[in-house]
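Colleague: Quick note on the numbering used here: the sequence shown kicks off at 39 and runs consecutively. C-beta: ideal position from N, C-alpha, C; glycine also. Quick one: the structure is below, questions incoming.
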Amino acid sequence: RAHRAQTARELLVGTDLSISEIAHAAGFGSIRQFNDTIVEVYDRTPSQVRATRHPNAVEAGPAITPGARISLALPVRQPFDASGVFAWLAARALPGVEAADPSHYARVIMLPHGPAVFDVRYDQHLRLTAELSALADLPPLVSRVRRLFDADADPVGIDAVLSREPALADSVRRTPGVRLPGSVDPHETLLRAMVGQQISVAAARTQLRRLVEACGSELPLPPAQGGESDAGRQPKLDSERWLSLTKPDPERWLSLTKPGSDATFVRLFPTAAQVAAHGRDALVGPKTRIDSIVGVAERL
Numbered sequence: 039r040a041h042r043a044q045t046a047r048e049l050l051v052g053t054d055l056s057i058s059e060i061a062h063a064a065g066f067g068s069i070r071q072f073n074d075t076i077v078e079v080y081d082r083t084p085s086q087v088r089a090t091r092h093p094n095a096v097e098a099g100p101a102i103t104p105g106a107r108i109s110l111a112l113p114v115r116q117p118f119d120a121s122g123v124f125a126w127l128a129a130r131a132l133p134g135v136e137a138a139d140p141s142h143y144a145r146v147i148m149l150p151h152g153p154a155v156f157d158v159r160y161d162q163h164l165r166l167t168a169e170l171s172a173l174a175d176l177p178p179l180v181s182r183v184r185r186l187f188d189a190d191a192d193p194v195g196i197d198a199v200l201s202r203e204p205a206l207a208d209s210v211r212r213t214p215g216v217r218l219p220g221s222v223d224p225h226e227t228l229l230r231a232m233v234g235q236q237i238s239v240a241a242a243r244t245q246l247r248r249l250v251e252a253c254g255s256e257l258p259l260p261p262a263q264g265g266e267s268d269a270g271r272q273p274k275l276d277s278e279r280w281l282s283l284t285k286p287d288p289e290r291w292l293s294l295t296k297p298g299s300d301a302t303f304v305r306l307f308p309t310a311a312q313v314a315a316h317g318r319d320a321l322v323g324p325k326t327r328i329d330s331i332v333g334v335a336e337r338l
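This is the structure in structure tokens:
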């Protein structure tokens with residue numbers, strides 16, 4: 039209930055969704071249950087919670103469309119070293135799965151009801167835009183995005199403690215609010231960490247790119263886009279539909295979707311089962327190291 043209430047609050051202050059849409063998206067079984075929980079947790083009605091939002095929290099325009107496309111502003115504690123997190127993610131972004139630069143991060147991910155694509159930017163809030171296979175996937179997506187950007191850390195308390203260490207004091211003063219990038223999927227994070235052991239970031243990225251190309255699934259279309267393609271294969275990504283997600287800078291997705299070529303799709307990061315089955319065909323290096331990675335994948 040606490041997680042549902044937190045998700046509901048973020049939607050109340052970060053979107054123009056109706057009360058009924060928010061109750062559904064946050065996982066409540068009824069409007070009454072939603073109202074009772076919000077009052078119990080926040081000592082305010084949903085309308086009173088919505089009235090507390092910052093004037094610039096919600097962008098103009100519709101917050102959601104029938105294709106489960108949604109935009110919302112996620113509050114984050116200040117100070118927040120956004121450029122540091124974006125730069126860290128950009129250095130490790132895998133083509134076909136992620137796109138990142140010092141002010142932007144986007145990727146595709148598998149959620150409980152199907153694939154999703156999301157885009158995050160920062161302007162005192164984490165601006166999350168996403169297209170989901172089902173609106174019910176919004177709570178887990180919000181949770182994963184907040185974890186990825188370490189949005190629930192206490193930067194004031196952390197900086198105060200780190201500043202007591204003379205070797206760190208100058209760095210903390212120059213860059214307050216440093217965050218520790220988190221994870222959108224624990225199995226993925228474990229596999230990426232193991233592949234990256236004892237090699238450079240660039241070398242790890244090359245290995246992981248080979249792993250994605252050899253093992254990762256093609257991204258199917260969201261349910262709203264229709265069924266399977268010819269010969270029973272998963273349909274390829276409708277590039278124009280997904281490119282529209284990141285306006286006004288859709289060219290960021292061009293490098294991923296390659297419109298006009300045979301590879302008009304992006305790939306999901308491989309599951310542990312896929313790495314266990316095909317990882318040896320993609321990974322290079324000492325046999326003992328490959329055996330260790332595949333062996334862990336087999337046990338996940």
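Could you give the distance in angstroms between the alpha-carbon of L206 and the alpha-carbon of E59?
Modeller: Approximately 46 Å, taken between the alpha carbons.
Colleague: Return the bridge partner residues of V142 from the DSSP annotation.
Modeller: Here residue 142 is His; the residue named in the question, Val, does not match the sequence. DSSP lists D139, R159 as partners of H142.
Colleague: Within 10 angstroms of the Cβ of S330, are there 16 or more other Cβ atoms? Answer buried if so, exposed if not.
Modeller: By the 10 Å Cβ count, S330 comes out exposed.
Colleague: State the CB to CB distance for the pair L112 and A189, rounded to an integer number of angstroms; the pair is presumed to be in contact (CB under 8 Å).
Modeller: Going by Cβ atoms, the distance from L112 to A189 rounds to 6 Å, so yes, they are a contact pair.
Colleague: From the DSSP output, read off the bridge partner residues of L164.
Modeller: L164 pairs with L112, Y160.
Colleague: Secondary structure at P193, three-state DSSP: helix, strand or coil?
Modeller: Residue state, collapsed to three classes: helix.
Colleague: Are D119 and G215 close, meaning C-beta to C-beta below 9 Å?
Modeller: Yes, these two residues count as a Cβ contact at 9 Å.
Colleague: Have a look at R47, Y160, F66, V123 and flag the residue whose alpha-carbon is nearest the alpha-carbon of Q86.
Modeller: Comparing Cα positions, the closest option is R47.
Colleague: Go ahead and pull the three-state DSSP assignment for G220.
Modeller: Coil at G220, not helix or strand.
Colleague: State the start and end residues of the unbroken alpha helix (DSSP H) segment that holds P84.
Modeller: First-last of the alpha helix (DSSP H) with P84: 84 to 88.
Colleague: So, at 7 Å on beta carbons, what are the nonlocal neighbours of G323 in its own chain, with the 5 sequence-adjacent residues on each side left out?
Modeller: No residues qualify anywhere along the chain.
Colleague: Apart from the five residues just before and just after P140, which ones in its own chain have a Cβ nearer than 8 Å to its Cβ?
Modeller: Around P140: S121, F124, A125, A128.
Colleague: In whole angstroms, what separates the C-alpha of T340 from that of L257?
Modeller: As displayed, the chain neither begins before 39 nor continues past 338, which places residue 340 out of reach and without an answer.
Colleague: Leaving out five residues on either side along the sequence, give the residues of the same chain with a beta carbon under 6 Å from the beta carbon of L176.
Modeller: Cβ within range, chain order: A63.
Colleague: Using CA atoms only, rank isn't needed, just tell me which of V239, A320, V183, E226 is closest to A252.
Modeller: Nearest option by C-alpha distance: A320.
Colleague: Quick check: what's the CA-CA separation for L164 versus Q236?
Modeller: For L164 and Q236, the distance between alpha carbons rounds to 33 Å.
Colleague: List the endpoints of the continuous alpha helix (DSSP H) containing P117.
Modeller: From DSSP, P117 is part of no alpha helix (DSSP H); its letter is neither H nor E.
Colleague: At what residues does the alpha helix (DSSP H) containing E256 begin and finish?
Modeller: Here E256 belongs to no alpha helix (DSSP H), and DSSP marks it neither H nor E.
Colleague: If you reduce the DSSP assignment to three classes, tell me which class L321 lands in.
Modeller: If DSSP states are grouped into helix, strand and coil, L321 belongs with coil.
Colleague: Suppose you measure from the CA of Q245 to the CA of R305; what does that come to, to the nearest Å?
Modeller: Roughly 15 Å separates the two Cα atoms.
Colleague: Name, in chain order, the residues that DSSP records as bridge partners for E169.
Modeller: Note: E169 sits in a beta bridge opposite R107, V155.
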